[in-house]
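Notes to accompany the following structure.
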Amino acid sequence: MSAKMQIEIRSLRKNYATYRRGSGFAEIAKSVFAREKILVEALKDIDVSVEEGELLGFLGPNGAGKSTCLKILTGVLFPTSGQVEVMGYCPWKQRKKYVGRIGAVFGQKSQLIFDIPPLDSFLMNQAIYGVPKADFDARLDELSSLLDVRDIMGQPTRNLSLGERMKCEFIMAMLHGPRIVFLDEPTIGLDVIAKERIRDFILAMNRKGVTFILTTHDLADVEFLARRVIVINHGSVIFDKGIGSLRDHFGSRKRIRLLSEGGQDALSLDGLKATDRRSENEVFYDLDLSACPIDRFIAKANEVLRIRDISIGSIPIEEIVKGLYSAAMPEREGALP
Amino acid sequence: MSAAALGSRAPRGSRVPGLGQLWLRSIRASFARRMAYRADLALDIAVTLLSELVGPAITLLIYGSTAGSGFPGWAMYEVLLIQSVFLMSRGLAFPLFMGLMYGVLDQVRSGRFELTLLRPRAPLLILVCQGIDPIAFTRLAGGVAIFAISLSHLPSPSAMGIAAFVLFFAFSLLVLFSLALFLSGTLFVWVGNGRVYELLDLLLNFAQYPLSIFPRAFGLALSVAVPVAMVSYIPASALLGRLDLTGLVAVPASAVFFLLSLLFWEKMRSKYTGADG
Chain A
1 MSAKMQIEIR
11 SLRKNYATYR
21 RGSGFAEIAK
31 SVFAREKILV
41 EALKDIDVSV
51 EEGELLGFLG
61 PNGAGKSTCL
71 KILTGVLFPT
81 SGQVEVMGYC
91 PWKQRKKYVG
101 RIGAVFGQKS
111 QLIFDIPPLD
121 SFLMNQAIYG
131 VPKADFDARL
141 DELSSLLDVR
151 DIMGQPTRNL
161 SLGERMKCEF
171 IMAMLHGPRI
181 VFLDEPTIGL
191 DVIAKERIRD
201 FILAMNRKGV
211 TFILTTHDLA
221 DVEFLARRVI
231 VINHGSVIFD
241 KGIGSLRDHF
251 GSRKRIRLLS
261 EGGQDALSLD
271 GLKATDRRSE
281 NEVFYDLDLS
291 ACPIDRFIAK
301 ANEVLRIRDI
311 SIGSIPIEEI
321 VKGLYSAAMP
331 EREGALP
Chain B
1001 MSAAALGSRA
1011 PRGSRVPGLG
1021 QLWLRSIRAS
1031 FARRMAYRAD
1041 LALDIAVTLL
1051 SELVGPAITL
1061 LIYGSTAGSG
1071 FPGWAMYEVL
1081 LIQSVFLMSR
1091 GLAFPLFMGL
1101 MYGVLDQVRS
1111 GRFELTLLRP
1121 RAPLLILVCQ
1131 GIDPIAFTRL
1141 AGGVAIFAIS
1151 LSHLPSPSAM
1161 GIAAFVLFFA
1171 FSLLVLFSLA
1181 LFLSGTLFVW
1191 VGNGRVYELL
1201 DLLLNFAQYP
1211 LSIFPRAFGL
1221 ALSVAVPVAM
1231 VSYIPASALL
1241 GRLDLTGLVA
1251 VPASAVFFLL
1261 SLLFWEKMRS
1271 KYTGADG
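Chains as they are written, first to last, in our numbering: chain A, 1 to 337; chain B, 1001 to 1277.
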């Protein structure tokens, strides 16, 4: 294993049993005595390596296996088979030693004590993690100033806004100086300003060498933060490359908005596909650059139309990820972009 | 602050020297939490005090109704002494560790137990600390008062009796902790089963009265199998100089009961599967 490698996952599998029953009265009554057991393959032979200091986006549709994988990585669940080594620890076998070196922020599970000020929760964590007072004071000073929460740390948590609370969740997760932080939907429900602040904070911590594993459905988080993206679906890794490769995953394409004097029916090129006709004059196109370079498109558009306005941008990442999710669902044929 | 600096002084596993600090911080946090809702606090104290005194009140009614009524072979103040020990034992157990039951109930149902597993401490320790409720010490007040009144109407206990009482009282707390472990352990599998409190009350009802009022086999079961007799009857009997062989058998039985409860709790904890995908 490379000296810089922090997380090594090999052939990770997790199966669990769950129960199925109908919603009718008879089926509910029957389920009291006998339930239909279902074996769920949550993870199927996952292989992933993460280097120290990475900022990794971990994506997948609901029920894809992300949470299960995250729970195994944090030592909360143990797998059916496979190997996981994080900073030299096996998370579920050396849980107590290991979790003292990681942090976690859950957008939907607060670690703060709801009825009392965040500062009291921070002090509880200091005692739980055994953080020396000098370290605690220095980190709290730096983190609270970075997140601009000094003035609100003494107010009851229940009186704080969601954004303020989330900033305090980050302090909770970072006070013991973790080397790896797992983020699960850290910006869920936040306004744009709070999101920006949180993202800046993550980047600042990452620049100092902290590794972040980011699980989210907010693809703007991924675009803004992640340098590498792993997409998991049906328990398998279906994509593991840099964010740039994700954009080009279905070929190098551009999204073009073209506003012209007249109708655009005459505009026809290989690799050009109209995706949205807002009006006669305003049409959105997807252009496959391998079939038609951008300069040829512009030349042709100039030739057949009188252009009033044009904007050329990347395909929205949401569409690419949606395509990836759909591609991994055999039952949804034809869903590829 | 580099990554190395961030992580260089992180704790190395469980740090026993920090246990006192953790305990004190838990008390402080719990106190602050309870103080946040003062009306609830006042009502809670009043209701708890009144409900805890139901047992002794029934005893007073039974003994005061007609001459000769009561528990055969037991004077009123002897029965009140048993019940006061029961109240004192609960008065210590509830603020110190019985909150564990609600902690498991709530955290397993909501999936927040994962946050407890993310702490570099034993989950049981975290749950006990989170469940500390200093306000519940008010339960102790009624017990101590009835204990003092009962003792003042009874012959002075011997030094041996007092020593045995202290020892058995410690075992009383151990049995209550074991019950909390057994009942909360079931909650990892029977998620959200709020009836555990009723089960606890049902079991502890047997601890409030002299063992001799129950059939012999049942009394033996209450001393050995599920040693709730140790909660109050046996410590009070030691103080009254009425301890018999059953009491001595209950000591190792309570120790075994505790060990089994610990094993059971850990086994059940390992079955935790989380609340979402």
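A virtual CB, placed ideally from N, CA and C, is assigned to each residue, including glycine. The model shown is predicted, which means the values in this text are computed figures rather than measured ones.
The beta-carbon of P1120 of chain B is placed less than 8 angstroms from the nearest beta-carbon of chain A. Residue pairing by DSSP places K273 of chain A opposite A:D286 in a beta bridge.
For the pair R1034 of chain B and I1135 of chain B, the Cα-to-Cα distance works out to about 8 angstroms. Within its own chain, the residues whose Cβ lies closer than 8 angstroms to the Cβ of D47 of chain A, once the five positions on either side in sequence are excluded, are I9, R10, S11, L12 and V237, listed in chain order.
Per DSSP, reduced to three states, the secondary structure at G100 of chain A is coil, with no helix or strand assignment. For L1124 of chain B, there are no C-beta contacts with chain A under 7 angstroms, since the nearest C-beta of that chain is about 12 angstroms from it. In the DSSP assignment, G1018 of chain B forms no beta bridge with any residue. Residue contact check for D218 of chain A against chain B: no CB pair falls below 8 angstroms.
For Q1107 of chain B, the enclosing alpha helix (DSSP H) stretches over residues G1099 to S1110.
The C-beta of Q6 of chain A comes no closer than 8 angstroms to any C-beta of chain B. Using a Cβ-Cβ cut-off of 8 angstroms, K96 of chain A counts as an interface residue toward chain B, since at least one Cβ of chain B sits closer than that to its own. Its Cα nearest to that of I128 of chain A, the residue A:A173 stands out among A:E164, A:A173 and A:W92. Between P1227 of chain B and F1169 of chain B, the CB-CB gap reaches or exceeds 8 angstroms. From the listed residues A:L70, A:L267, A:V50 and A:R158, the smallest Cα separation to A104 of chain A is found for A:L70.
Leaving aside the five residues that flank L1096 of chain B on each side, the residues in its chain whose CB is nearer than 7 angstroms to its CB run, in chain order, I1132. Per DSSP, reduced to three states, the secondary structure at I238 of chain A is strand. As the crow flies, the alpha-carbon of F212 of chain A is around 24 angstroms from that of L123 of chain A.
The straight-line gap separating the alpha-carbon atoms of L1022 of chain B and I317 of chain A is approximately 46 angstroms. Annotation for T1186 of chain B: the continuous alpha helix (DSSP H) segment containing it runs A1159 to T1186. It is roughly 15 angstroms from the alpha-carbon of V32 of chain A to the alpha-carbon of V1189 of chain B. Contact annotation for Y285 of chain A against chain B: no contact, minimum CB-CB distance about 38 angstroms [criterion: below 8 angstroms]. Pairing P1120 of chain B with Q94 of chain A, the inter-Cα distance amounts to about 10 angstroms. Residue state for Y1197 of chain B is assigned as helix, using DSSP reduced to three classes.
Under the three-state reduction of DSSP, E8 of chain A is assigned to strand. Taking C-beta atoms under 8 angstroms as the contact rule, T1138 of chain B and I1027 of chain B fail to qualify, at a distance of about 15 angstroms. For A104 of chain A, the neighbours in chain B by C-beta distance under 7 angstroms run, in chain order, L1118. R247 of chain A and A29 of chain A have their alpha carbons spaced roughly 51 angstroms apart. Distances from the alpha-carbon of I232 of chain A to those of A:R199, A:E27, A:A17 and A:A42 put A:A42 closest. Assignment of N62 of chain A by DSSP, reduced to helix, strand and coil, places it in the coil class.
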